[in-house]
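Asks: Per this note's numbering, residue 10 is the first one in the sequence shown, and the count goes up by one each step.
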Amino acid sequence: MEYSNLNQKILRSEHRIRFSECDAFGHMNNALYLSHFIETRTAQLRDTHGFDAFEQGKTTGRNWVVQDTRIRYFYPAQLNKLVTTETRLLEFDRNTLRPEGLMYDYTTGRLHALVWFRLSYVDLERGRPARHEPEFLSLVESLLDDSPELERDDFEKRIKQIQSEGRAPVAIAS
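(1) Counting only the same chain and skipping the five closest in sequence on each side, list residues whose C-beta sits under 7 Å from that of Ile-19.
(2) Please list, in chain order, all residues of the same chain as Asp-61 whose beta carbon is under 7 Å from its beta carbon, the five residues on each side excluded.
(3) Does the structure place the region 31-49 close enough to the region 73-86 that three or more beta carbon pairs sit under 8 Å?
(4) Is Phe-164 closer than 8 Å to Arg-25 when the C-beta atoms are compared?
(5) Can you list, in chain order, the residues of its chain whose CB lies under 7 Å from that of Glu-142, leaving out five sequence neighbours each side?
(6) Are the region 146-153 and the region 119-126 in contact at 8 Å, needing three or more beta carbon pairs?
(7) For Arg-167, which three-state DSSP category applies?
(8) By how many angstroms is the C-alpha of Leu-43 removed from the C-alpha of Gln-76?
(9) Under 8 Å Cβ to Cβ from Gln-65, same chain only, skipping five residues before and after it: list those, please.
(10) Going by DSSP in three states, Ser-183 sits in which element: helix, strand or coil?
Below you can see the structure in the form of structure tokens.
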């Protein structure tokens, strides 16, 4: 399979918060942030690199399931506001991926949320863990954001790192 733009490790796209995504206060429903991050990362990989996770599943009989999530909400994303979602791959091994997602206001840059996912690769027929194919491992190796200054081990330290960059409030909103 031929992939493109492999030097682009941080992917960005815009999204307008829709009425159906909001609660009675006009804020994006907390549960929908997770769906948004997964859908956005999937679309970014398809549109930027030519990698379609669902086609991969059809071809190999394997795909990813969410094993674990860590999410921190900073400011609510509001109805009709345009947001930017930035994703990157922090880590991978023979059967897991760990992408990161940041959602921030398109105009002000104010951070709405940070999420880390751990995705497990599974055999869809057996429902058991599977190993990534060697061809796929070479793809994800080229997509890994291996910036030495990037905190990738401790979620709370990553929050502090983002705060020190001025992208998140120091006092976390509840």
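C-beta atoms are modelled at their ideal positions from N, C-alpha and C, and glycine is treated no differently.
Replies: Taking the coordinates as given:
(1) So the qualifying residues of the chain are Glu-95, Arg-97, Asp-154.
(2) Arg-55.
(3) Verdict: yes, contact present.
(4) Contact: no.
(5) Around Glu-142: Thr-69.
(6) Touching, no.
(7) Helix.
(8) Leu-43 has its alpha-carbon roughly 13 Å from the corresponding atom of Gln-76.
(9) Only Arg-71, Asn-72, Phe-145 meet the Cβ criterion.
(10) Unreliable positioning characterises Ser-183 in this predicted model, as indicated by a pLDDT of 42, which lies under 50. A coordinate reading is not provided.
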